[in-house]
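Chains A and B supply the protein sequences, listed in that same order. Using the working numbering, the first residue of the first sequence is number 1, and each one after it goes up by one. Using the working numbering, the first residue of the second sequence is number 1001, and each one after it goes up by one. Glycine included, each C-beta is placed from N, C-alpha and C at the ideal position. On a predicted model such as this, the values are computed, not experimentally measured, just so you know.
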Amino acid sequence: MNDITTDICIVGAGPVGLFAVFEAGLLKMRCHVVDALPAVGGQLTEIYPKKPIYDIPGFPEVLAGDLVKNLQKQIAPFHPTFTLGERVENLDKQEDGSFIVSTVAGTRIACKVVVIAGGLGSFEPRKPAIEHLEKFEGKGVHYMVLDPEKFRDKRVVLAGGGDSALDWTIYLAGLCSDLTLVHRGTSFRGAPESAAKVLSMAEEGQIKLILKSNVAEVHGNGKLDSVTVMVDNDTPFQLEVDYFIPLFGLVPKLGPIDNWGLELDKNAIVVDTKDYSTNVPGVYAIGDINTYPGKLKLILCGFHEAALMAQSAYNIVYPDKKFVLKYTTVNGIQEL
Amino acid sequence: MQNDIITIYVALENGDRVSVEAPTNMGLSVMEVLKANEFEIPALCGGMAICATCHVEVLQSPPLPEPSDDEAYMLESLPHATENSRLSCQLRVNPELDGLVVRIMPEA
Ligand SMILES: Cc1cc2nc3c(=O)[nH]c(=O)nc-3n(C[C@H](O)[C@H](O)[C@H](O)COP(=O)(O)OP(=O)(O)OC[C@H]3O[C@@H](n4cnc5c(N)ncnc54)[C@H](O)[C@@H]3O)c2cc1C
Ligand code: FES
């Protein structure tokens, strides 16, 4: 277990979470930043690193990837610490009003203030609409192949037509006792070599390939034992299986943030625009993850929210000091 | 004379159809028109054909351009796409689209 103590724990290392480190640093508050992704930058790094952005004040044009690099340089004097590649699962309020933030991997961060800069939420597997599918999660239904050995000598059905379905079909074919790939379409648009390989494996009888079909039902008593495959939307047949692995890519979901007792409206956290505080004292939400009348999902707006948040958080981190606004041009940037 | 405004229809769950006017000379996508008219369509990736949260089913349409490889790849990997599924961010509003009827698919 990894225990960290800091003033502010920032959930989300997108542009807004990074800039929050700067605003907090100016007020001499230390930050620890956690992100589920292995790299900082949020959507800018994940979705559009090479796209130019035109609406950052002072930069007529800046590549998203460069903006992230600049933000990292800008916050360096405040020596933030990072936990990357770990999703924050829990937020526990302590009796003294402070928090313990903990991640899937068991990292615990003790802090006085929590700032949620979670953007679109964390990326989760896209699930097919199959009744009772959730009941079998972890009991025969998996959305990712974490440990291929788990499937050795088992009967497995994969579903999907993208690259990960193709790649795992090729990989697992030699491992499973029986492997079936069910795909809605008639052709594959993944990497042509992978598609060709899967088709030839099917011809040679190494795997079963069921095209124009989808898995419509899952059955079992406590544990998955069979699935119903619907061919061409009207011919069902039953297949006995140990595992069903639907691989349909990732979609951003609010995920664990849903369970933190925060007031939500349409998948976004409701905040007070005075300081971007939430209904839980000590917890703030800034950037794309929050909502208020007139909200604009822009980096610029998230930066503004970070500045107001920091002023308010100061009163929690330093309850006995009075905050006096000073411009950075007066004091410069003082390293933490 | 070419018409600068076309009408697109959105089929609601209760069977009603809402008409939406869309300008053809602004290079908009159907997704942007739907968003501008405050339909609930997340369109998280902003039209880059990588999130599929702008997924629509085309119920009635004039001939549509074939999906690009990016769009077709995405549609093929969606679990609940139908033969008439499209990513609305990849459909450009042009005069030929007049009369298009779409249903916004439940969250992709
Ligand atoms: C294609 C595209 C183009 C855009 N162009 C512009 C533009 O030109 N100008 C502009 O201002 N805006 C633009 N935007 C919007 C801009 O990208 C967002 O407003 C901005 O990324 C929001 O920043 P953020 O830090 O709030 O969230 P994000 O960038 O979404 O970062 C949030 C981070 O939080 C992490 N996270 C979420 N939940 C958890 C959890 N439970 N545990 C750990 N980590 C978690 C995520 O992994 C993610 O890295 C564009 C968006 C897209 C998609
Ligand atoms: S908006 Fe993301 S695919 Fe259309």
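R87/A has its Cβ nearer than 8 Å to a heavy atom of ligand 1.
The beta carbons of V113/A and G302/A sit about 17 Å from each other, so the pair does not count as a contact at 8 Å.
Residue H79/A holds the alpha-carbon nearest to the alpha-carbon of E335/A among H79/A, I4/A, L300/A. Secondary structure at Q334/A: coil, using DSSP grouped into helix, strand and coil. Here N233/A is exposed. Its C-beta has fewer than 16 other C-beta atoms within 10 Å. Three or more Cβ pairs drawn from the stretch 42-55 of chain A and the stretch 1-17 of chain A lie within less than 8 Å of each other, which places the two stretches in contact. Taking 8 Å as the cut-off, the C-beta of I1050/B counts as close to a heavy atom of ligand 2.
Close to A129/A, with beta-carbon spacing below 9 Å, are these residues of chain B in chain order: P1079, H1080, P1106. Burial is judged here by how many other beta carbons sit within 10 angstroms of a residue's own beta carbon; I257/A has at least 16 and is buried. P246/A and K127/A do touch by the CB rule: their CB atoms are close to 7 Å apart, below 8 Å. Per DSSP, H304/A lies in no beta strand (DSSP E) segment; the continuous alpha helix (DSSP H) that holds it begins and ends at 299-317. A residue is called buried once 16 or more other Cβ atoms fall within 10 Å of its Cβ, and F237/A, having fewer, is exposed.
At least 9 Å separates the CB of V141/A from every CB of chain B. Counted as a single uninterrupted DSSP element, the stretch harbouring S164/A is not any beta strand (DSSP E) but the alpha helix (DSSP H) occupying residues 163-173. Distance from the CA of L1028/B to the CA of L296/A, rounded to the nearest whole angstrom, comes to 20 Å. Ranked by Cα distance from I1005/B, the options V1058/B, E1096/B, L1044/B are led by E1096/B. In this model, Y243/A and H219/A are separated by some 11 Å (Cα to Cα). By the Cβ neighbour-count rule, M144/A is exposed, with fewer than 16 other Cβ atoms within 10 Å of its own.
When DSSP reads this structure, Y1073/B sits in no beta bridge, so it has no partner.
Under the DSSP assignment, V182/A falls outside any alpha helix (DSSP H), being part of the beta strand (DSSP E) whose first and last residues are 178-182. When the Cα atoms are used, V270/A and A117/A turn out to be separated by approximately 13 Å.
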